[in-house]
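Working notes, beginning with the structure itself.
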Amino acid sequence: NAEFLTWKILILMSYFLSIPLLGAFRSWVNAKMGDDTGQQLGFTTLNPMTHVSFFWIAVLLIIPDIPFGFGQYIPINPNAIEGKWRRLKLLAAYFSDALLGMFLALISLLTCVIIFRQSPLSLFMNFGIFQLASQYAPIEAMSSFSIVVGLFLVRFAIFNSMLAAFSMIINFFY
8 NAEFLTWKIL
18 ILMSYFLSIP
28 LLGAFRSWVN
38 AKMGDDTGQQ
48 LGFTTLNPMT
58 HVSFFWIAVL
68 LIIPDIPFGF
78 GQYIPINPNA
88 IEGKWRRLKL
98 LAAYFSDALL
108 GMFLALISLL
118 TCVIIFRQSP
128 LSLFMNFGIF
138 QLASQYAPIE
148 AMSSFSIVVG
158 LFLVRFAIFN
168 SMLAAFSMII
178 NFFY
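Heads up, the sequence shown is in this note's numbering, so the first residue is 8 and it goes up one at a time.
Here is the structure:
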């Protein structure tokens, strides 16, 4: 099925673009806060092979409707983070990847709004299901490349917002 294949390609593109950015950013922020564990383990690189989890790639390929996946866990040593603003530094260390994920989702949504000149709610309602995307009125005047970019941006926003939400929940318990 072409729609299923398109869905999987868009999810994998989102995964391979987001996970290295989020992992490298978390490792960099941790180093700035005083914990260089992620930096010593080589997580400050944007190399996708350092950050991706082959388990999650398999899950994304096998399970039909899963919209996001996790990467390698970047460890944090809370004992290495010291100083006057220790609690604030710990919050920054633990929630940096979630905040960047929300920022990436907002940027992709704003880009999609600029391209299609529609409200985000309208875009999600019409691009949420591939069958409706082909019947979306503004699409008739657009190139197929613009449509694919729009589909990617919406999937990228969904991927990063869900990943940010789940990362916040998981990191809250740490």
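Glycine included, C-beta positions come from ideal geometry on N, C-alpha and C.
{"Query": "Residue of Gly-76, Arg-124 and Leu-97 minimising C-alpha distance to Asn-84", "Result": "Leu-97"}
{"Query": "The stretch 38 to 49 in contact with the stretch 59 to 66 per 3-pair CB rule at 8 Å", "Result": "no"}
{"Query": "Cβ pair Ala-164, Ala-112 closer than 9 Å", "Result": "yes"}
{"Query": "Straight-line Cα distance separating Arg-93 from Ser-123", "Result": "Before going further, note that residue 123 is Phe rather than Ser in the sequence given. Going from the Cα of Phe-123 to the Cα of Arg-93 covers about 44 Å."}
{"Query": "The ligand PLP heavy atom lying under 8 Å from the CB of Asn-54", "Result": "This structure lacks the ligand PLP; in fact it carries no ligand of any kind."}
{"Query": "Secondary structure of Leu-116, DSSP reduced to three states", "Result": "helix"}
{"Query": "Cβ pair Phe-110, Ser-174 closer than 9 Å", "Result": "no"}
{"Query": "Where the alpha helix (DSSP H) through Asn-86 begins and ends", "Result": "Run containing Asn-86: none; DSSP gives neither H nor E here."}
{"Query": "Cα-Cα separation between Ile-16 and Pro-82, rounded to whole angstroms", "Result": "29 Å"}
{"Query": "Status (buried if at least 16 other CB within 10 Å, exposed otherwise) for Pro-71", "Result": "exposed"}
{"Query": "Beta-carbon spacing of Phe-166, Ser-21 below 9 Å", "Result": "yes"}
{"Query": "Range of the contiguous alpha helix (DSSP H) that encloses Ser-168", "Result": "151 to 180"}
{"Query": "Cβ separation of Ala-244 and Ala-105, assumed to be a contact under 8 Å, to the nearest whole Å", "Result": "Any answer about residue 244 is impossible in this case: the structure gives the chain only from 8 up to 181."}
{"Query": "Reduced DSSP secondary structure (H/G/I, E/B, other) of Ser-80", "Result": "Checking the sequence shown, residue 80 turns out to be Tyr, not Ser. Reduced to three states, the DSSP call for Tyr-80 is coil."}
{"Query": "Bounding residues of the alpha helix (DSSP H) (the contiguous stretch that carries Ile-64)", "Result": "61 to 69"}
{"Query": "Start and end residues, alpha helix (DSSP H) containing Thr-44", "Result": "44 to 47"}
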